[in-house]
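Structure record follows, encoded as structure tokens.
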Amino acid sequence: MLDHLRPPRADDPTRALYKEWLHVNVFDHASGTVGLVNLSLHGDPAAAPSRAVGVALVRVPGAGWSGGTQVQGAAAAHAGVLELAAGDVAVAVAPWFGAGHAAARAAVADADVSLGGPAVGPPLGPSWDVPFGEGHLGWAAYPRLALDGVVRAAGRRLVVRGAGGYADHNWGRWAWGDDVGWDWGCFHGADGLLVVMSRTTDRAHRVTGDALVTVEHAGRVAQFVGPQVDIAVDGVRHPSRRFPGAMAALHADRARDRLPARVRVRVGDGFDGLEVVLDVDDVAQLLLAEPSRPGFAVLHESVGRFRAVGRLAGRPVEAHGLGVVEHAG
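For the sequence shown, counting from 1, position 290 maps to 291 in the numbering used here; every step adds exactly one.
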């Protein structure tokens, strides 16, 4: 079954809690640049308070973050089968028969991103549809893309050819501000190793659900879940940039949120095993308001370089690359 957007029906009693978004990451190993483009819908699409939020963030080594957010009424959004566009941000994913294509376009503040390319690895999903807050959270991922295009950020113009890419689709029903959150990460190796991890949490990230970690290397896919996964953090990083400005000013008490300076993901099932260690270079903070009631959530995007060592299919693995970890709650 093909993935697709899941807008609420007119008779859906939970439509006020509707959430949906499409997301693309780029990992350019040649320059060390990590970027993301995201477009999300929040609330009943027919209600005036509902919002479409576009995000473009690019982190260039030595230059920090470029980009920001673009917030509009949900009525400004245009939707296709698996496409969203609003204002100066658009994301599209076209999966079919285990293959597909993704594209992202955004011009927000001082970041301009235009990327597209084919899926060059298997999709993961729809792999999640779990209870979450007052409703549920669904997730489908397209974790290995080869992206071409142009990224303008920090006064530079970067042409990418075959850069590492990741895309996903989230949907569900919940209220920002409920006692829910998630941890998600994508680690893209310069030599081809790919690791994706995800788990639901409470808002404080003290209580966690079972983690799912997928490892792809040399054509082999291995998945680890629950007690086969250990995620640990160390050190402290604070956000260096906060978006959007109005929400950041309203919640000035969150300016010094403590995020890990190092994230370690260790997996093993008695046959395969891997340890991935991400050293965080920088953190951006996104604040999202709940349109249906008072409440908000904070998403932190932590980017850096990782190293990995382990054994897969009886063969030793040692890799390094770029990664991003998202803490939401």
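All residues carry an ideal CB built from backbone N, CA and C; glycine is no exception.
No experiment lies behind these values; they were computed from the predicted model shown.
**Prompt:** Where does G236 land, buried or exposed, given buried means 16+ other C-beta within 10 angstroms?
**Reply:** If you number the sequence shown from 1, residue 236 lands on position 235. When all chains shown are included, G236 counts as exposed.
**Prompt:** What is the DSSP secondary structure of G227, counted as helix, strand or coil?
**Reply:** Numbered from its first residue, the sequence shown carries residue 227 at position 226. It is helical.
**Prompt:** For L1, which of P9, W185, L42, S32 has the nearest alpha-carbon?
**Reply:** A question about residue 1 goes unanswered here, because the residues of the chain that appear run from 2 up to 330.
**Request:** State buried or exposed for E319, treating a residue as buried only when at least 16 other CB atoms are found within 10 Å of its CB.
**Result:** In the sequence shown, counting from the first residue as 1, residue 319 sits at position 318. E319 comes out exposed.
**CB contact flag (T70, V152, <8 Å)** = One-based indexing of the sequence shown puts residue 70 at position 69. One-based indexing of the sequence shown puts residue 152 at position 151. No, the pair does not count as a contact, with Cβ atoms beyond the cut-off.
**Beta-bridge partners of A108, as assigned by DSSP** = For this step, residue 108 is matched to residue 107 along the sequence shown. Note: A108 sits in a beta bridge opposite D113.
**Prompt:** Going by the CB atoms, is the gap between H170 and D184 shorter than 8 Å?
**Reply:** In the sequence shown, the residue the question calls residue 184 occupies position 183. In the sequence shown, the residue the question calls residue 170 occupies position 169. Contact: no.
**Residue from V284, E276, A155, L251 with nearest C-alpha to V114** = As a first step, residue 114 is located in the sequence shown; it is residue number 113 there, counting from the start. Minimum Cα distance to V114 is reached at A155.
**Message:** Using the three-state DSSP reduction, which class does G156 fall into: helix, strand or coil?
**Reply:** For the purposes of this step, residue 156 is taken as residue 155 along the sequence shown, with counting starting at 1. Note: G156 maps to coil in three-state DSSP.
**Item:** Of the listed residues H102, C187, A53, nearest to V121 (C-alpha basis)
**Value:** In the sequence shown, the residue the question calls residue 121 occupies position 120. It is H102.
**Asked** Less than 8 Å separating the beta-carbons of A38 and A80?
**Response** Counted from its first residue, the sequence shown places residue 38 at position 37. Counted from its first residue, the sequence shown places residue 80 at position 79. According to the sequence provided, residue 38 is Val. The question's Ala does not apply to it. No. Outside cutoff.
**Request:** From the DSSP output, in three-state form, read off A332 for me.
**Result:** Since the first and last residues shown for the chain are 2 and 330, residue 332 lies out of range.
**Request:** Return the CA-CA distance between V230 and A49, expressed in angstroms with no decimal places.
**Result:** Along the sequence shown, one-based indexing puts residue 230 at 229. Along the sequence shown, one-based indexing puts residue 49 at 48. Cα to Cα, V230 sits roughly 43 Å from A49.
**Message:** Looking at the ligand PLP, does it come within less than 7 Å of W177, judged from the CB to the closest heavy atom?
**Reply:** The ligand content of the structure shown is nil, which means the ligand PLP is not present either.
**Prompt:** Any contact of the region 44–61 with the region 13–28, i.e. 3+ C-beta pairs under 8 Å?
**Reply:** yes
**Item:** Among F188, F272, V326, nearest to R312 - alpha-carbon criterion
**Value:** As a working note, residue 312 is residue 311 in the sequence shown. When only C-alpha atoms are compared, the closest one is F272.
**Asked** Among V161, V208, V72, which residue has its Cα nearest to the Cα of D180?
**Response** Working through the sequence shown from its first residue, we reach residue 180 at position 179. Of the listed residues, the one whose Cα sits closest to D180 is V208.
**Request:** Apply the 10 Å Cβ neighbour rule to R306 and answer buried if 16 or more other Cβ atoms are within range, or exposed otherwise.
**Result:** On the sequence shown, position 305 is the one that residue 306 refers to. Looking at its Cβ environment, which holds 16 or more other Cβ atoms inside 10 Å, R306 is buried.
**Prompt:** According to the Cβ coordinates, are V27 and V197 closer than 8 Å?
**Reply:** Looking up residue 27 in the sequence shown gives position 26. Looking up residue 197 in the sequence shown gives position 196. For V27 and V197, no; Cβs fall outside 8 Å.
**Message:** Please identify the residue among E217, E135, V214 whose C-alpha is closest to the C-alpha of G182.
**Reply:** Along the sequence shown, read from residue 1 onward, the residue named residue 182 stands at position 181. Checked all of E217, E135, V214; the closest Cα to G182 is E135.
**Prompt:** Under a three-way DSSP split, which group does G246 fall into?
**Reply:** As a position in the sequence shown, residue 246 is number 245, starting the count at 1. Helix, per DSSP.
**As assigned by DSSP and simplified to three states, the class of L323** = What you label residue 323 is simply residue 322 of the sequence shown in a count that begins at 1. In the structure shown, L323 sits in a strand (DSSP, three-state: E or B).
**Message:** Contact defined as beta carbons within less than 8 Å: I believe L288 pairs with V299. What is the distance between those atoms, to the nearest angstrom?
**Reply:** For the purposes of this step, residue 288 is taken as the residue at position 287 of the sequence shown. For the purposes of this step, residue 299 is taken as the residue at position 298 of the sequence shown. Correct: roughly 6 Å between the Cβ atoms.
**Exposure label - L3; buried when at least 16 CB within 10 Å** = If you number the sequence shown from 1, residue 3 lands on position 2. Flag for L3 reads exposed.
**Request:** Return helix, strand or coil for D258, following the three-state DSSP convention.
**Result:** Within the sequence shown, numbered from 1, the residue matching residue 258 stands at position 257. Correct three-state label for D258: coil.
**Message:** Here's the rule: buried if 16 or more other CB atoms are within 10 angstroms of the residue's CB, otherwise exposed. What is P295?
**Reply:** Position 294 of the sequence shown, counting from 1, holds the residue named residue 295. P295 comes out exposed.
**Length of the line joining the Cα atoms of L251 and V109** = The sequence position of residue 251 within the sequence shown is 250, counting from 1. The sequence position of residue 109 within the sequence shown is 108, counting from 1. Each residue's Cα considered, the two are about 21 Å apart.
**Item:** Residue range of the unbroken beta strand (DSSP E) whose run includes F307
**Value:** Stepping through the sequence shown from its first residue, residue 307 is reached at position 306. Counting along the chain, the beta strand (DSSP E) containing F307 begins and ends at 297–313.
**Request:** Verify whether the separation of the beta carbon atoms of V1 and V234 is less than 8 Å.
**Result:** This structure gives no information on residue 1, because the portion of the chain shown stretches from 2 to 330.
**C-alpha distance - A87 paired with L40, whole-angstrom precision** = Taking the sequence shown and counting its residues from 1, one reaches residue 87 at position 86. Taking the sequence shown and counting its residues from 1, one reaches residue 40 at position 39. In a straight line, the C-alpha of A87 is about 8 Å away from that of L40.
**Item:** Local Cβ density within 10 Å of P317, reported as buried at 16 or more and exposed below that
**Value:** Position 316 of the sequence shown, counted from the start, is the residue given in the question as residue 317. The residue is exposed, with fewer than 16 neighbouring Cβ atoms inside 10 Å.
**Residue span of the beta strand (DSSP E) that contains A53, given as start and end** = To locate residue 53, count along the sequence shown from 1; it is residue 52. Start and end: 52–61.
**Cβ shell of E291 (< 7 Å), same chain only, five flanking positions each side left out** = The residue given as residue 291 occupies position 290 in the sequence shown. Excluding sequence neighbours, E291 sits near A176, W177, G178, F297.
**Request:** Tell me where the beta strand (DSSP E) around G36 begins and ends.
**Result:** Taking the sequence shown and counting its residues from 1, one reaches residue 36 at position 35. 34–43 is the span of the beta strand (DSSP E), which, as asked, contains G36.
**Prompt:** Leaving out the 5 sequence neighbours to the left and right, which residues in its chain are closer than 6 Å to R267 when beta-carbon positions are compared?
**Reply:** Within the sequence shown, numbered from 1, the residue matching residue 267 stands at position 266. For R267, where only same-chain residues beyond five positions count, the Cβ hits under 6 Å are D231, E276.
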